[in-house]
Structure formats: C-alpha cells, structure tokens
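Engineer: In terms of the numbering used here, the sequence shown is residues -4 to 512.
A virtual CB, placed ideally from N, CA and C, is assigned to each residue, including glycine.
Model, not experiment: these values are computed from the prediction.
So that we are looking at the same thing, I have put the structure below in structure tokens.
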Amino acid sequence: MLFVYKQTNIPLVAGLVSGLSRPVFFGQVHYSTNLPFHLPNIHLERGPSRLSKINNPCRPREQTRAHSSSLPLLSSHSPSNNNRRISPSSPSFSTSLSSHHHLPPSSKITAKMVSNGTENPSKRHKVALIGSGNWGTTVGKLMAENTSEHPNIFEKDVQMWVYEETVEVDGNPQKLTEVINSKHENVKYLPKIKLPTNLIANPSLVDTVKDATILVFNLPHEFIGNICKQIKGHISPYARGISCIKGVTVTDDKIELISEYIGEHLNIYCGALSGANIASEIANEMWCETTIAYNTPPCDLHAVNSNGHANGNGQPVEEHRDSRGQIIKTPLVPVPQDYPELSHEALRSLFQRPYFTVSMVSDVVGVSLGGALKNIVALACGFVEGNGWNMTAKTAVMRRGMLEIIQFAREFYPETVQEKTLWEESAGWGDMIVSCTSARNWRYSKMAVERGVSIQEIERTELNGQKLQGISTSREVSSFLRARGVEDKYPLFKAVEGILDQTIKLEDIPHLFRKAQ
Ligand SMILES: NC(=O)c1ccc[n+]([C@@H]2O[C@H](COP(=O)([O-])OP(=O)(O)OC[C@H]3O[C@@H](n4cnc5c(N)ncnc54)[C@H](O)[C@@H]3O)[C@@H](O)[C@H]2O)c1
Ligand SMILES: O=P(O)(O)OC[C@H](O)CO
-4 MLFVYKQTNI
6 PLVAGLVSGL
16 SRPVFFGQVH
26 YSTNLPFHLP
36 NIHLERGPSR
46 LSKINNPCRP
56 REQTRAHSSS
66 LPLLSSHSPS
76 NNNRRISPSS
86 PSFSTSLSSH
96 HHLPPSSKIT
106 AKMVSNGTEN
116 PSKRHKVALI
126 GSGNWGTTVG
136 KLMAENTSEH
146 PNIFEKDVQM
156 WVYEETVEVD
166 GNPQKLTEVI
176 NSKHENVKYL
186 PKIKLPTNLI
196 ANPSLVDTVK
206 DATILVFNLP
216 HEFIGNICKQ
226 IKGHISPYAR
236 GISCIKGVTV
246 TDDKIELISE
256 YIGEHLNIYC
266 GALSGANIAS
276 EIANEMWCET
286 TIAYNTPPCD
296 LHAVNSNGHA
306 NGNGQPVEEH
316 RDSRGQIIKT
326 PLVPVPQDYP
336 ELSHEALRSL
346 FQRPYFTVSM
356 VSDVVGVSLG
366 GALKNIVALA
376 CGFVEGNGWN
386 MTAKTAVMRR
396 GMLEIIQFAR
406 EFYPETVQEK
416 TLWEESAGWG
426 DMIVSCTSAR
436 NWRYSKMAVE
446 RGVSIQEIER
456 TELNGQKLQG
466 ISTSREVSSF
476 LRARGVEDKY
486 PLFKAVEGIL
496 DQTIKLEDIP
506 HLFRKAQ
C-alpha cells in the first residue's frame, strides 16, 4: 500500500520540518521540500517488500566468516533503517521524524519511543579509526566529540591508528603518536587544532582494531590493501566499516569501490562517507555537509521487519546485495543484539556535529564514485587554471567531468547506482565544486603548471607527507578503461592521464571535448 501525503497540513509534520533547509530522505519518508516554511510531500510506503525472501544472509557468528559490502535494491536514498517501512500510525513514525532532525529542546512535539531493542543495550560500540592524516585526524576529532556525547551508544575512547613517524617538536625528535597523546595535537597533519583527549593515537594497527565494532577507514587509498592484509583475522567478526577514503582499487582489469574492497577482504559490511569536505575547515568547525551511504544489513536490525520476522535471530530476512545487484552469498555475522542497533540514526550520531551535517543515503556506488572520480576532474581544473584560463574553462571541465562520472557509473554499475546522488548530494556536485575551486588536487596541479614542474615534484616538496589522490586514481581509471577499449568515450579522464604522462598537451583539451560531442 502506498500512502502519499501531498502538502499536508498536519501540524505535527509542519512543526517537524519547519527547520529544514534542504531535501532529506529517511525511512520510507521523502521530504521533497527545500523551503523552510513549506510543507513537504511525504511518500510513505507500506506493505510487502519488493524483495523476495531468501535464507537469512546472516549467520550466527561462530558459524562463518562474513562477506562483502552491499548496495540497495530499494528506492534511492532509502532510508535510515532502510529495510523498515513506517506508516503514520506506526509507533515509530513520530520518533523517526524527530530523531533525524534533532529537534530543538523547545519543541513541543513528543515522540513515542520506538521499540527497536536499543533502549537498554548492555554493550557499547567501540570505534576504531584507521588513518590519521589531514582528514583522518579531523574525522577522529569529530567522532571523539560524539562518542563523549553519546555514552549510551559508544565507548568514549576512540583509538586512532597512526602510521608512526618521527617529528621534530621544539627542536627534539619525537614519535608522532607520543606527541598526539601528550599535546593532543597532530602537529604534522593537522597542526594548531586541539584534539579531544579521548582520541588516542596508537602505533599498533592490530591493537587499534581489537574488539572494535565500528572501523572507520581514513587514509590515502593506495595504502588500503596493505592495511586490510594486516588486520584480517584481528577484527571482530561482527565489525562494520565506514570508508572515508576517496579512490578506487583496480586490479587485473577489475575495478572496485574502496568500501567493497574492504568488505570483501575483511568479510564485513562497509559503507562510505564522502562529501564537499575540506579537512582544515571542518577541523576549525566551519560548517559543511557530507553524505554517508550505508545499507544497514538486515540481520543487524533489531526490530521486527515489515514481513513480521525478527531480524538477527536466525529467521528469514530480506536479502542483502552488493553493488552489482548480486545477492551476497556468504553470510554476514550479525551484530549481537546486546549492542545498540547500527541504524542510520546511530551512525549519524557518530559523525554529525553542529558544524558537520550528515545526509544518510543508501547509494554506496554514487557516493564512492563521486568522491573518487572528482579528483581527476580537480587535477584538470588546476591544469587549466595554471595555464591561464579562467572560470569559464574550469566550468566546462567540471561539466564534462560530471558527465564522465555519470557515464562511468551507468556503464560499470548500472544495477544499483542512483544518479540523483550525484545531482543532489554533497558527495556529488557539492564535492565537484569544492574540489575544483579550493582543494589540494586543484591547488597543487595549478601550482605545478605555473611552476613548470611535475605534480609529483610538487607533492614531494609542498605537501609535507599529504597525498594527492587524483594522480593514482587517474592512472587506475585510465588503465581500467583502456583494458576495456572504451577510453575514447572518456576524453577528460584520458586527457588528465595524458597530461600527467606528458603525452597530451593542455591546449588539446577543447579539441578532445569536441570530438566527444
Ligand atoms: N584532506 C581533506 O581535506 C580530505 C577531505 C575529504 C576526503 N579526503 C580523503 O581522505 C583520505 C585520507 O586523506 P588524508 O587527508 O587524511 O591523508 P593525507 O593526505 O594527510 O595523507 C597522509 C597520511 O598517509 C599516511 N601514510 C603515509 N605512508 C603510509 C603508509 N605506508 N601506510 C599507511 N599510511 C601511510 C600518513 O601517516 C598520513 O596519515 C583520502 O582518500 C582523501 O582523498 C581528504
Ligand atoms: O584536498 P583534496 O583535493 O584531496 O580534496 C579534499 C576533499 O575531497 C574535498 O571534498
């Protein structure tokens, strides 16, 4: 059954949405308004799942290793607690609205508690962060602030794995981990930002991830293979992941989203966080938005699902699929029910800050590809601007770049990608704009052209250990496209690789674009 409320004047709903300034999606409720004083269109779905029932993809933890990431079959931007349908009469309806929008304390609206098993869990999620660069440390800061504020969901301490190195402090060589833990500052990768004392630098990868139920991956993508090898067998079997990494992995002509790569190699489920996010701005608590794509595995839901079967206890649940739309065959190990449910709400409470607005979606492909491929476009914008061309040329590059990202997603992930993610979310056009106007790939590729040196040289001399993800992503994506004989369909991606290799001249870009019309 489909409920559609158009421009409803139900006071409850009006009150709840009056603070919204952008479209948000949650549950099966879609607010299509972006006007603070207008009422939303609300679409509520109910009734049998569009997914058929299969054997429970989650097995008790002692039975098996878990497997892989997944992607949605449900509507785009499906939901917090994405397999759950809610109706206006459902006890969860009012709570869902309020919990997603952090109603101010003055709100007169009272919401009923949802009976989802999270009210009195006996355990707390332990969060581990793998990576401590510019963005890694920033995300560590905001997560540690949140674990302190949500003691009902998370253990307070956040372990942060640091790739140990020696830094000079007050003229003395010291270990970076020791400096972070004594000064509460990452003097190398995020200087002058005070870090919470419950963000703990740890030089041991295995010790960092020990017993963690939430693993947050945040380091340059070229290191993820080695990281997965090192922690495999040392993580909790029911750990869940979030990848903040912008990149893809390409091996033997196969391309994989980083979240999928992590999922497959560690046999866990992993979602993705990406958006128009400049670490130094967020670390200074300047407001911005981000997008998190996460498909709560059905076996992790505590509540009774729409089919009337309890999840996570061995009864049938809806299937879980990967980014190619394939049913995941190797079962996941469910997160035990004595932990708070890892719903969209719980994840939002780990990442959202007053200065960091989180939009939860289910499109892992759109979020991941938007974040990875825009780095190639940002390099192109830097090249163009360094060459003396201006905003109009950059706009042409951005437009072409977005077309190629969409084309790439359609060509290689047609089963599950939701193109609206790229149009509407921070992880799409938002990230494209910020990356091509103020982020590192743009800034330093511009500098390389202006100085007449290679971008690798600039990375070595100017970035103090930080990495430009666009360089390797360009090579990886080009090699993947070439292996399939389709590189000419992607003239911008091809041009960037050619400029990096000095086989294509910058001035050829307009001609290459014209050929592709
Ligand atoms: N910096 C930003 O503003 C920003 C914003 C959003 C997303 N991102 C993405 O986040 C990811 C991480 O970026 P970042 O800015 O935190 O990193 P960064 O560019 O600061 O990279 C340096 C990090 O790599 C680590 N490192 C160096 N050698 C290593 C090795 N052999 N093994 C493991 N680690 C090693 C360093 O210790 C350091 O932590 C990237 O994919 C990036 O695209 C960055
Ligand atoms: O500084 P960059 O170029 O790595 O980009 C940072 C972020 O991805 C921008 O959203």
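#1: For lysine 500, which of Phe378, Glu163, Gly425 and Gly480 has the nearest alpha-carbon?
#2: Would you call serine 13 buried or exposed, if buried means 16 or more other Cβ atoms sit within 10 Å of its Cβ?
#3: Mind reading off the beta-carbon distance from glutamate 515 to leucine 171? Whole number of angstroms is fine, and I expect it under 8 angstroms.
#4: How big is the Cα-Cα spacing for glutamine 154 and threonine 142?
#5: Suppose contacts are defined by Cβ-Cβ distances below 8 angstroms. Is glutamate 492 in contact with serine 467 by that definition?
#6: Does the Cβ-Cβ distance between cysteine 431 and cysteine 376 come in under 8 angstroms?
#7: Could you name the residues, in chain order, whose CB is less than 6 angstroms away from a heavy atom belonging to ligand 1?
#8: What three-state label does DSSP hand glutamine 321 in the structure shown?
#9: Go ahead and label threonine 208 buried or exposed: buried means 16 or more other beta carbons lie within 10 angstroms of its beta carbon, across all protein chains shown.
#10: Residues in its own chain within less than 7 angstroms of aspartate 152 by CB, not counting five upstream and five downstream?
#11: Are there 16 or more other CB atoms within 10 angstroms of the CB of methionine 386, so buried, or fewer, so exposed?
#12: In chain order, what are the residue ranges of uninterrupted alpha helix (DSSP H) at least 4 long that sit wholly in the segment 250 to 281?
#13: Rounded to whole angstroms, what's the CA-CA distance from arginine 348 to leucine 507? Just pull it up for me.
#14: Taking tyrosine 334 as the reference, which of Gly460, Asp206, Ala391 and Thr325 has the closest Cα?
#15: By alpha-carbon positions, which one of Gly460, Phe212 and Pro232 ends up nearest to alanine 267?
#16: Would you please verify whether the beta carbon of valine 448 is less than 8 angstroms from any beta carbon of chain C?
#17: In angstroms with no decimal places, state the Cα-to-Cα distance between valine 359 and threonine 456.
#18: Does the segment 248 to 262 come within contact of the segment 277 to 285, defined as at least 3 CB pairs closer than 8 angstroms?
#19: Have a look at glycine 228 and valine 204 and give me their C-alpha separation to the nearest angstrom.
#20: I'd like to know whether the C-beta atoms of glutamate 454 and glycine 381 end up nearer to each other than 8 angstroms.
#21: How long is the line joining the alpha carbons of glycine 270 and glutamine 497, rounded to whole angstroms?
#22: Assuming leucine 185 and asparagine 129 are in contact, meaning their beta carbons sit under 8 angstroms apart, how far apart are those beta carbons, in whole angstroms?
#23: Please confirm if the segment 238 to 245 is in contact with the segment 401 to 408, defined as three or more CB-CB distances below 8 angstroms between the two stretches.
#24: How would you label arginine 437, buried or exposed, when you count the other beta carbons within 10 angstroms and need 16 or more for buried?
#25: Less than 8 angstroms between the beta carbons of isoleucine 188 and tryptophan 156, yes or no?
#26: Cα-Cα, which of Asp317, Ile230, Ile240 and Pro116 is closest to proline 409?
#27: If you run the structure through DSSP and keep just helix, strand and coil, what is glutamate 150?
#28: Please name the residue in Tyr350, Glu419 and Glu482 whose C-alpha comes closest to that of alanine 278.
#29: Is arginine 395 near ligand 2, in the sense that its beta carbon is under 7 angstroms from a heavy atom of that ligand?
#30: May I ask you to report which of helix, strand or coil DSSP gives alanine 196?
Structural biologist: With the structure as the only source:
#1: Phe378
#2: Low confidence applies to serine 13: its pLDDT is 33, below 50, so where it sits in the model is not reliable enough to give any reading.
#3: Shown here, the chain extends from -4 to 512; a query on residue 515 therefore has no answer.
#4: 12 angstroms
#5: In this structure, serine 467 does not lie closer than 8 angstroms to glutamate 492 by Cβ.
#6: yes
#7: Gly126, Ser127, Gly128, Asn129, Trp130, Gly131, Tyr158, Tyr184, Asn213, Leu214, Pro215, His216, Phe218, Cys239, Ile240, Lys241, Gly242, Asn272, Ile273, Ala274, Gly460, Gln461, Lys462 and Gln464
#8: DSSP, reduced to helix, strand and coil, places glutamine 321 outside both helices and strands of the structure shown, so it counts as coil.
#9: buried
#10: Excluding residues within five positions, the ones whose Cβ falls inside 7 angstroms are Asn193 and Ile195.
#11: exposed
#12: 253 to 261 and 274 to 278
#13: Approximately 43 angstroms between the Cα atoms of the pair.
#14: Asp206
#15: Phe212
#16: This model lacks chain C altogether; it includes just one protein chain.
#17: Cα to Cα, valine 359 sits roughly 35 angstroms from threonine 456.
#18: no
#19: 11 angstroms
#20: Cβ atoms of glutamate 454 and glycine 381: not closer than 8 angstroms.
#21: Approximately 31 angstroms between the Cα atoms of the pair.
#22: 6 angstroms
#23: No contact exists between the segment 238 to 245 and the segment 401 to 408.
#24: It should be noted that the sequence gives tryptophan, not arginine, for residue 437. Answer is buried; the Cβ neighbour count reaches 16.
#25: no
#26: Asp317
#27: strand
#28: Minimum Cα-Cα distance from alanine 278 among the listed residues Tyr350, Glu419 and Glu482 corresponds to Tyr350.
#29: no
#30: Looking at alanine 196 - three-state DSSP - the assignment turns out to be strand.
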